[in-house]
Amino acid sequence: MQFSDEIRQAVNRFLPTYTAKKRAEGVGEGLEEAVRLATEKLCTIPKMSQLLWGTQKINGSLSTFPVVRISNVVALPGVPKFCERAFDELQDQLFPIEERQSLCFETLYTDLDEFDFSKKLTDLAAQFEDRNVQIGSYPELKNKFFKTKLTIETESSETMEAVVTSLRELLAGHIVYYDSHAWLDIVTKWKAFKKRKASENQIEFIQKLNEAESIVEEIVEKYPLEQIALSFNGGKDCTVLLHLLRLKVDEKYGPSTPIQGFHIMVEDQFPEATQFIIDAAKFYNIQVLEFPGPLKTGLAALKKTRPSIIPVLMGSRATDPNGKYMKTPVEWTDSDWPQVLRVCPILNWTYTDVWHMLRGLCVPYCKLYDQGYTSLGGRDNTVKHPALRIVSSDGREHYLPAYKLHNDAEERCNRSNI
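Quick note on numbering: the UniProt record's numbering labels position 271 of the sequence shown as 271, and the sequence is numbered without any gaps.
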């Protein structure tokens, strides 16, 4: 080991400020000795080491403090902000641009278990063995949208394109366009989603998407935001509407614009539904008021609290007990009800359509739906759907998620009051 005068000179530039600060804090006794010992320790380095001085990004001058290098080991500062600064100042010296190896990286997600395609994946990887391709496969047990994450690394963009194409063919029908923040950059993602559906020739579904979007857009264009409210109880249908309303508000006013909502409480409500309302309000920047039920009473309370409200967006569908009475997606309430304009953009959607959109865009939804509930009411009248019940070989009972229900007509068979 040896004492470095070069480091000592750098330390000396900081010492006057440091000691003055400590004395101002009331530290006096033993300060000089503490500084001496710390300086000695800091300036003592291996004889075979080399000092590296970086270049400051602001003015191009030398860095104010050196970094110690021994052979191929570089000791960066332990404090995160100084570590980042040192790396920024030294990166061109440590990794010259002309010597850097380009690297392409891609991630794919699938709803298949890893074991469902592991043999085929191994065979595919062998096809690209001589092209320096690394394919990683990582199972995910807790994500509601995908089961396996695949990572691809290679040095060539052409090779990457070939590998991704092969993987998409291998996982055809099971690719998940995973998005952990579906509520951000929503306009761009919506356009990409419809483009994917068009490439899959899902013409009827796209027509429903366009119709719902057009209805919400017309309301947002016609009425000021303070006159618009969303009926939001945390269910799947109103979650679709929340996403659509956020889409059109972002498009017209910008993503930071708050929107208004209200929640009609149900008797003995699931705590999971209550928590989802809180979470969704945060994600989508919606201010949710809470009123007692039933719906007629809640709307009266809404009009009393916010008398300027005119259109109320609701997740009613034609197959709902009350939705079947609506002739068009936009209608005024009956004369003996609080006067609001009922707007039901997904009136003509099916149960499958709802899940197609939610899962296709990775929109967050209440976790009860992943536990076998297909329609949500109160805890006293809602159970897990019997058609989703499965029993494993060891006799344990499980329930498939709601989107696995194949018969749309059975959606509300888990509700005793419908």
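Note that the Cβ used here is the ideal one computed from N, Cα and C, for glycine as well.
Bear in mind that the values here come from a model prediction, so they are computed numbers and not experimental data.
Taking residue 226 and residue 263 to be in contact with their CB atoms under 8 angstroms, please state how far apart those CB atoms are, rounded to whole angstroms.
If you number the sequence shown from 1, residue 226 lands on position 226. If you number the sequence shown from 1, residue 263 lands on position 263. 18 angstroms between Cβ atoms; not a contact.
Let's test the definition: count the other Cβ atoms within 10 Å of the Cβ of residue 65 and tell me whether it reaches 16, buried, or not, exposed.
For the purposes of this step, residue 65 is taken as the residue at position 65 of the sequence shown. Buried, by the Cβ-count rule.
Near residue 244, what residues of its chain come up, given a Cβ to Cβ distance below 7 angstroms and the 5 sequence neighbours on each side ignored?
In the sequence shown, counting from the first residue as 1, residue 244 sits at position 244. Once the five neighbours on either side are set aside, the close Cβ partners of residue 244 are 212, 213, 216 and 345.
Since residue 128 contacts residue 362 with CB under 8 angstroms, what's their CB separation in whole angstroms?
Taking the first residue of the sequence shown as position 1, residue 128 is located at position 128. Taking the first residue of the sequence shown as position 1, residue 362 is located at position 362. So it is not a contact: roughly 29 angstroms between Cβ atoms.
Which of helix, strand or coil does DSSP assign to residue 349?
Sequence index remark: in the sequence shown, residue 349 carries index 349 (1-based). If DSSP states are grouped into helix, strand and coil, residue 349 belongs with coil.
Note down, in chain order, each residue of its chain lying with its Cβ closer than 7 angstroms to the Cβ of residue 308, except the 5 sequence neighbours on either side.
Here residue 308 refers to the residue found at position 308 when the sequence shown is read from its first residue. Answer for residue 308: 226 and 227, listed in chain order.
Short of 6 angstroms in beta carbon distance, which residues of its chain neighbour residue 139, apart from the five on each side in sequence? Order them along the chain.
As a position in the sequence shown, residue 139 is number 139, starting the count at 1. Here the set comprises 114 and 148.
Hey, how far is the Cα of residue 403 from the Cα of residue 372?
Locating residue 403 in the sequence shown gives position 403, counting from the first residue. Locating residue 372 in the sequence shown gives position 372, counting from the first residue. Each residue's alpha carbon lies about 9 angstroms from the other.
Measuring CB atoms only, is the segment 312–327 touching the segment 189–208, in the sense that at least three cross pairs come out at less than 8 angstroms?
no
Three-state secondary structure assigned by DSSP to residue 30
Taking the sequence shown and counting its residues from 1, one reaches residue 30 at position 30. Coil at residue 30, not helix or strand.
For a quick check, are the C-beta atoms of residue 273 and residue 376 less than 9 angstroms apart?
Taking the first residue of the sequence shown as 1, we reach residue 273 at position 273. Taking the first residue of the sequence shown as 1, we reach residue 376 at position 376. Taking 9 angstroms as the Cβ cut-off, residue 273 and residue 376 qualify as a contacting pair.
Which residue marks the beginning of the beta strand (DSSP E) containing residue 106, and which one marks its end?
Reading the sequence shown from its first residue, position 106 is the one you call residue 106. Residue 106 -> beta strand (DSSP E) spans 104–110.
Based on Cα-Cα distance, which residue from 240, 337, 22 and 255 lies nearest to residue 347?
For the purposes of this step, residue 347 is taken as residue 347 along the sequence shown, with counting starting at 1. It is 240.
Say whether the segment 378–392 touches the segment 256–270, bearing in mind that this needs 3 or more beta-carbon pairs closer than 8 angstroms, one atom from each stretch.
yes
Endpoints, beta strand (DSSP E) assigned at residue 415:
As a position in the sequence shown, residue 415 is number 415, starting the count at 1. Here residue 415 belongs to no beta strand (DSSP E), and DSSP marks it neither H nor E.
Label residue 61 either buried or exposed according to how many other C-beta atoms from any shown protein chain fall within 10 Å of its C-beta, with 16 as the threshold for buried.
Here the question's residue 61 lines up with position 61 in the sequence shown. Burial call: exposed.
So within the UniProt domain "FAD synthase middle" (103–178), which uninterrupted beta strand (DSSP E) runs reach at least 3 residues, ignoring any that extend past its ends?
104–110, 134–139 and 148–154
With DSSP as the reference, identify every bridge partner of residue 399, one or two as the case may be.
The count along the sequence shown starts at 1 and reaches residue 399 at position 399. Residue 399 pairs with 389.
Residue of 124, 342, 366 and 316 minimising C-alpha distance to residue 349:
As a position in the sequence shown, residue 349 is number 349, starting the count at 1. The candidate whose alpha carbon is nearest that of residue 349 is 316.
Quick check for students: name the residue ranges of the beta strand (DSSP E) that lie wholly in the segment 200–254, counting only runs of 3 or more.
229–231
How about residue 321 and residue 412: are their beta carbons less than 9 angstroms apart?
What you label residue 321 is simply residue 321 of the sequence shown in a count that begins at 1. What you label residue 412 is simply residue 412 of the sequence shown in a count that begins at 1. Yes.
Nearest to residue 21 by alpha carbon, out of 35, 220, 10 and 286?
The residue labelled residue 21 in the question sits at position 21 within the sequence shown. That would be 35, whose Cα lies nearest to the Cα of residue 21.
Would you tell me roughly how many angstroms separate the C-alpha atoms of residue 415 and residue 385, rounded to the nearest one?
Residue 415 sits at position 415 when you count from the first residue of the sequence shown. Residue 385 sits at position 385 when you count from the first residue of the sequence shown. Cα to Cα, the separation comes out at about 9 angstroms.
Pairwise C-alpha distance: residue 133 and residue 125
Here residue 125 is taken as the residue at index 125 of the sequence shown, counted from 1. Here residue 133 is taken as the residue at index 133 of the sequence shown, counted from 1. The straight-line gap from Cα to Cα measures roughly 8 angstroms.
Mapping DSSP to helix, strand and coil, what is residue 356?
Within the sequence shown, numbered from 1, the residue matching residue 356 stands at position 356. In this structure, residue 356 counts as helix in the three-state DSSP scheme.
Express the C-alpha separation of residue 3 and residue 40 in angstroms, rounding to a whole number.
Translated into the one-based positions of the sequence shown, residue 40 becomes position 40. Translated into the one-based positions of the sequence shown, residue 3 becomes position 3. Between residue 40 and residue 3, the C-alpha separation is close to 8 angstroms.
Name the two residues that bound the continuous alpha helix (DSSP H) containing residue 383.
Walking along the sequence shown from the start, residue 383 turns up at place 383. Neither: residue 383 is in no alpha helix (DSSP H) and is coded neither H nor E.
For the alpha helix (DSSP H) holding residue 16, just list the boundary residues, first then last.
As a first step, residue 16 must be located in the sequence shown, where it is residue number 16. Start and end: 5–24.
Looking at the unbroken beta strand (DSSP E) that takes in residue 427, where does it start and where does it end?
The chain is shown only over 1 to 418; residue 427 falls outside these bounds and no answer can be derived.
Determine which residues share a DSSP beta bridge with residue 69 and list them.
Position 69 of the sequence shown holds residue 69. According to DSSP, which records beta bridges pairwise, residue 69 is partnered with 50 and 74.
Where does residue 272 sit, in a helix, a strand or coil, going by DSSP?
Here residue 272 refers to the residue found at position 272 when the sequence shown is read from its first residue. If DSSP states are grouped into helix, strand and coil, residue 272 belongs with the helices.
Across the segment 86–97 and the segment 50–60, are there enough close Cβ pairs to call them in contact, namely three or more that are closer than 8 angstroms?
yes
Determine the burial state of residue 276: buried for a count of at least 16 other Cβ atoms within 10 Å of its Cβ, exposed for fewer.
Taking the first residue of the sequence shown as 1, we reach residue 276 at position 276. Answer is buried; the Cβ neighbour count reaches 16.
Identify, in the order they occur along the chain, each residue of the same chain with its Cβ nearer than 7 angstroms to the Cβ of residue 208, setting aside the five sequence neighbours on each side.
For the purposes of this step, residue 208 is identified with residue 208 of the sequence shown, where counting begins at 1. Excluding positions up to five away in sequence, the list reads 348, 349 and 353.
Tell me which same chain residues have a C-beta within less than 6 angstroms of the C-beta of residue 301, skipping the five on either side of it?
Position 301 of the sequence shown holds residue 301. If we look at residue 301 and ignore the five residues flanking it on each side, its Cβ neighbours are 291.
Excluding five sequence neighbours on each side, which residues of the same chain lie with their C-beta closer than 8 angstroms to the C-beta of residue 112?
Counted from its first residue, the sequence shown places residue 112 at position 112. If we look at residue 112 and ignore the five residues flanking it on each side, its Cβ neighbours are 147, 148, 171 and 174.
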